[in-house]
Amino acid sequence: MRKDELKMLQSLWKKVREKPTTFVYDKKGESELFHEWLEEQGIRSIASVRKGARKGRIRRKLMKNFPKKDL
């Protein structure tokens, strides 16, 4: 997720009446900045980590807990 997309989401967020407790999304929108923002809002984020994206406290937690595909 790009910074401008996060800013747009933050402005829309004020209009949401019932805030979710969990946010599930695909790896296209996955970013450490987005994970951190969701955590600040008290929301658990669930997303598969993009290939090659290994940095970040929340990403490491997701990689540890996200189910791997059976080969």
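So the sequence shown is numbered by this note's numbering: it starts at 2 and just counts up by one.
We put the CB at the ideal spot given by N, CA and C, even for glycine.
Between the options, which lies nearest to residue i when the distance is taken from Cα to Cα?
i, options, result
"Ile44", "Leu7, Ser32, Val17, Phe24", "Phe24"
"Asp5", "Ser32, Asp27, Lys62, Pro21", "Ser32"
"Tyr26", "Ala48, Arg3, Val17", "Ala48"
Here's a check: name, in chain order, each residue in its chain whose Cβ is nearer than 8 Å to the Cβ of residue i, leaving out the five neighbours to either side.
i, result
"Met9", "none"
"Gln42", "Trp14, Lys20"
"Arg75", "Residue 75 lies beyond the stretch modelled for the chain, which goes from 2 to 72, so this question has no answer here."
Suppose contacts are defined by Cβ-Cβ distances below 7 Å. Is residue i in contact with residue j by that definition?
i, j, result
"Gly35", "Leu13", "Contrary to the premise, residue 35 reads as Phe rather than Gly in this sequence. Going by C-beta atoms, Phe35 is not nearer than 7 Å to Leu13."
What does DSSP give as the partner residues of residue i in its beta bridges?
i, result
"Ser46", "Phe24"
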